[in-house]
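K.L.:
To convert, take the position in the sequence shown, counting from 1, and add 463; that gives the working numbering.
Don't be surprised by glycine CBs; every beta carbon is placed ideally from N, CA and C.
Below is the structure I would like to discuss, written out as structure tokens.
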Amino acid sequence: MTPKSSDTTIYLTEQEADRIRKTATEHLKKCSDLAGHAREPRDAKAAISQATGAALMADMGTMTLAHPQPITPPLLIVSQPYPPSLIPISELRPIKISELQLSTHHRGRQLAVKRMSPVVTLSTRSWTMVQDDAGEIERLEIALHSTGPGGRDMLESARSFVLKEPYFTLTPDGEPTLRIDHPSDLLTITAPTNKAPASDPANTQLTTTVSPPVKAKSVNATSVGGRTEVRETATMGRGLFVVGQVVKRGEVVMGEKAFCAVSGVGKTAVTWDGRDGRVRVAAVGLERAVVKKLLGNPGEIGQVMGLFGDWEGAGERVVEAGDGPVVDVFRVQDIVARNAFGMGEGGSAGLWIRAAYINHSCVPNAERELVGDLMIVRATRDIAVGEQIFHSYDQSADYEARQKVLITTWGFECGCALCVVEKGDEPAVRETRRELAKEADEFVRVARWPAGRLAIVKGRRLAKKIQETYGEERYRGLPRLATRGIQAWLAKAAASS
Numbered sequence: 464m465t466p467k468s469s470d471t472t473i474y475l476t477e478q479e480a481d482r483i484r485k486t487a488t489e490h491l492k493k494c495s496d497l498a499g500h501a502r503e504p505r506d507a508k509a510a511i512s513q514a515t516g517a518a519l520m521a522d523m524g525t526m527t528l529a530h531p532q533p534i535t536p537p538l539l540i541v542s543q544p545y546p547p548s549l550i551p552i553s554e555l556r557p558i559k560i561s562e563l564q565l566s567t568h569h570r571g572r573q574l575a576v577k578r579m580s581p582v583v584t585l586s587t588r589s590w591t592m593v594q595d596d597a598g599e600i601e602r603l604e605i606a607l608h609s610t611g612p613g614g615r616d617m618l619e620s621a622r623s624f625v626l627k628e629p630y631f632t633l634t635p636d637g638e639p640t641l642r643i644d645h646p647s648d649l650l651t652i653t654a655p656t657n658k659a660p661a662s663d664p665a666n667t668q669l670t671t672t673v674s675p676p677v678k679a680k681s682v683n684a685t686s687v688g689g690r691t692e693v694r695e696t697a698t699m700g701r702g703l704f705v706v707g708q709v710v711k712r713g714e715v716v717m718g719e720k721a722f723c724a725v726s727g728v729g730k731t732a733v734t735w736d737g738r739d740g741r742v743r744v745a746a747v748g749l750e751r752a753v754v755k756k757l758l759g760n761p762g763e764i765g766q767v768m769g770l771f772g773d774w775e776g777a778g779e780r781v782v783e784a785g786d787g788p789v790v791d792v793f794r795v796q797d798i799v800a801r802n803a804f805g806m807g808e809g810g811s812a813g814l815w816i817r818a819a820y821i822n823h824s825c826v827p828n829a830e831r832e833l834v835g836d837l838m839i840v841r842a843t844r845d846i847a848v849g850e851q852i853f854h855s856y857d858q859s860a861d862y863e864a865r866q867k868v869l870i871t872t873w874g875f876e877c878g879c880a881l882c883v884v885e886k887g888d889e890p891a892v893r894e895t896r897r898e899l900a901k902e903a904d905e906f907v908r909v910a911r912w913p914a915g916r917l918a919i920v921k922g923r924r925l926a927k928k929i930q931e932t933y934g935e936e937r938y939r940g941l942p943r944l945a946t947r948g949i950q951a952w953l954a955k956a957a958a959s960s
């Protein structure tokens, strides 16, 4: 994958997307074919040597970041989500590495291991070699959510671990590995400090790899503007409605500080989702930040897990399972994918919990603006009491392009009044409009200021041609999205003349 610009926008050719699909489907097929097969023993010396060399190479790669290179986003393969372990460790039966079977979740079991090699830290995962008390050695990988309290890698935070209901599978390169997706499925065993009471009979202390809840200094998402209410809709799930009094055009409907926001380059990855076979760009930096915040503040798990996501898992019902907070990372992944918004260039993204209930329309009655991580939603026309609030998730002028973005990113096709009319246009008419809009966009891009008389004449001619692709009766009262750019340019030219 090669970015075609200096920002973090990722462009994939169809060939690159096909290659990703092929790699992912071949990986899933291999996992399926080997499901239930017995694990093959590893040579301990060779395994530790492999990990040591890989850790050295990863460290050297980190040092080269001082010399910027073209960004190649990592690939994440999401096969089938699975829930985190909800059974307390005291109720799980021990299992040994030699008993592991490929492509298998070993339900009802627990595996105790100790780390035997350096940790290999990569952009979307970290791994090491671990050994059980029988001397068998195996690879252990934490996918995506490997950073523990204080920013330290979870695998480096201790020497001994317990895996709850261990998952044994293959990496995309075909190497067998124990895989941790949910951080709560990995517990660390830490030795007691010298300050522990002498009467304490425990030789070790079992702790989860999350920080204690942040209390007094925790800054939670806050909202201003109490004229909204979440309600069920007839066809769109839940939505946000105006209550109390009419919101006039230009007034603030609501303002909300992001529950979680991230900024900076390298916060995205290309994902292939086995549930629908689609290739997407995921805000993995935001996913990590949300999971980390929820583990540190379990009282907030319910409100985030209550948002819409394709993978339901245990929903918002499970917060703890005996060994500490439980966060279903696959549900967080889907919630972020369906509800988060970008914050301009640079890979920044955020999750706003109440604003997430605002549904999409290509003919919205509100618009959002950002001041840092504060989202302000303002009415673009009067909104009556009991009326649902809408803003536009994608403002592409082209009907096909807009629908493609909506179905790929948010999982639905828009059926608003504008889309119904545009869908009814002849394909040839939409193609003519598309080509004229491209010509107008290019005209605006290269136009010089102040605008000359001939340029204004050409601009008006382009606007008229685009306008003629919209039937007057059919589009009465509806916006002509393809004319926005050229009309804005003409307005600016008129104001400056």
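1. Just to confirm before moving on: does the CB-CB distance between Ala-745 and Thr-731 stay below 8 Å?
2. In the DSSP assignment, the beta strand (DSSP E) including Cys-882 goes from what residue to what residue?
3. If you check the beta carbons only, do Val-868 and His-854 fall under 8 Å apart?
4. Report yes if the CB atom of Arg-701 is closer than 8 Å to the CB atom of Val-709, and no otherwise.
5. What is the C-beta distance between Arg-572 and Glu-628, in whole angstroms, given that I count them as a contact (C-beta under 8 Å)?
6. Taking contact to mean 3 or more Cβ pairs, one atom from each stretch, closer than 8 Å, check whether the region 617-631 and the region 754-768 are in contact.
7. Is the region 559-569 in contact with the region 480-497, if contact means three or more CB pairs nearer than 8 Å?
8. Excluding the 5 residues preceding and the 5 following Asp-648 in the sequence, name in chain order all residues of the same chain whose CB lies nearer than 6 Å to its CB.
9. Measure from the alpha carbon of Cys-825 to the alpha carbon of each residue in Thr-632, Glu-554, Arg-865, Ser-811, then state which is nearest.
10. Does the count of Cβ pairs from the region 909-918 and the region 866-885 closer than 8 Å reach three?
11. Distance check for Glu-554 and Gly-785, CA to CA, integer angstroms please.
12. What does a CB cutoff of less than 7 Å around Glu-481 pick up in its chain, not counting 5 residues either side in sequence?
13. Hey, could you find the ends of the beta strand (DSSP E) Cys-723 is sitting in?
14. If you follow the alpha helix (DSSP H) that Thr-591 is part of, which residue opens it and which one closes it?
15. Hey, Ile-919 and Ala-945: beta-carbon distance below 8 Å or not?
16. First and last residue of the beta strand (DSSP E) that includes Asp-736?
17. Would the beta-carbon of Leu-758 fall within 8 Å of that of Val-795?
18. What does the alpha-carbon distance come out to for the pair Val-767 and Ser-959?
19. Considering only residues of the same chain and omitting the five flanking positions on each side of Tyr-856, which have a CB-CB separation below 7 Å?
20. Does DSSP put Lys-756 in a helix, a strand or coil?
21. Can you tell me whether Arg-924 is buried or exposed? The criterion is at least 16 other CB atoms within 10 Å of its CB, across all chains shown.
22. Does the distance from the C-beta atom of Ala-501 to that of Leu-585 stay below 8 Å?
23. Does DSSP put Lys-928 in a helix, in a strand, or in coil?
24. With respect to 7 Å, is the separation between the Cβ of Glu-905 and the closest non-hydrogen atom of the ligand ZN below this value?
P.N.:
So, to answer that:
1. Cβ distance < 8 Å, so Ala-745 and Thr-731 count as in contact.
2. DSSP places Cys-882 outside any beta strand (DSSP E); the residue lies instead in the alpha helix (DSSP H), whose first and last residues are 880-886.
3. For the 8 Å CB-CB criterion, Val-868 and His-854 do not form a contact.
4. Cβ distance not < 8 Å, so Arg-701 and Val-709 don't count as in contact.
5. About 6 Å separates the Cβ atoms of Arg-572 and Glu-628, confirming a contact at the 8 Å cut-off.
6. Output reads no: the region 754-768 does not touch the region 617-631.
7. The region 559-569 is in contact with the region 480-497.
8. Cβ within range, chain order: Pro-547, Ser-548, Lys-627.
9. Comparing C-alpha distances from Cys-825 to each of Thr-632, Glu-554, Arg-865, Ser-811 shows the shortest one belongs to Arg-865.
10. At 8 Å Cβ cutoff, the stretches do not touch.
11. Here the C-alpha atom of Gly-785 lies approximately 10 Å from the C-alpha atom of Glu-554.
12. According to the sequence provided, residue 481 is Asp. The question's Glu does not apply to it. Sequence-distant partners of Asp-481 (beyond 5 residues in either direction) whose C-beta falls short of 7 Å from its own C-beta are missing from its chain.
13. Residues 723-725.
14. That residue, Thr-591, is in no alpha helix (DSSP H); its beta strand (DSSP E) goes 588-594.
15. No. Outside cutoff.
16. That run of the beta strand (DSSP E) goes 732-736.
17. Their beta carbons are not under 8 Å apart, which means Leu-758 does not touch Val-795 by this criterion.
18. When rounded, the distance between both Cα atoms is 48 Å.
19. Sequence-distant partners of Tyr-856 (beyond 5 residues in either direction) whose C-beta falls short of 7 Å from its own C-beta, in its chain, are His-823, Leu-869, Trp-873.
20. Helix at Lys-756.
21. Residue environment analysis places Arg-924 among the exposed positions, since fewer than 16 neighbouring C-beta atoms fall within 10 angstroms of its C-beta.
22. No, the pair does not count as a contact, with Cβ atoms beyond the cut-off.
23. Three-state result, Lys-928: helix.
24. Inclusion of the ligand ZN in the displayed structure is not the case, the ligand content being empty and no account of it being possible.
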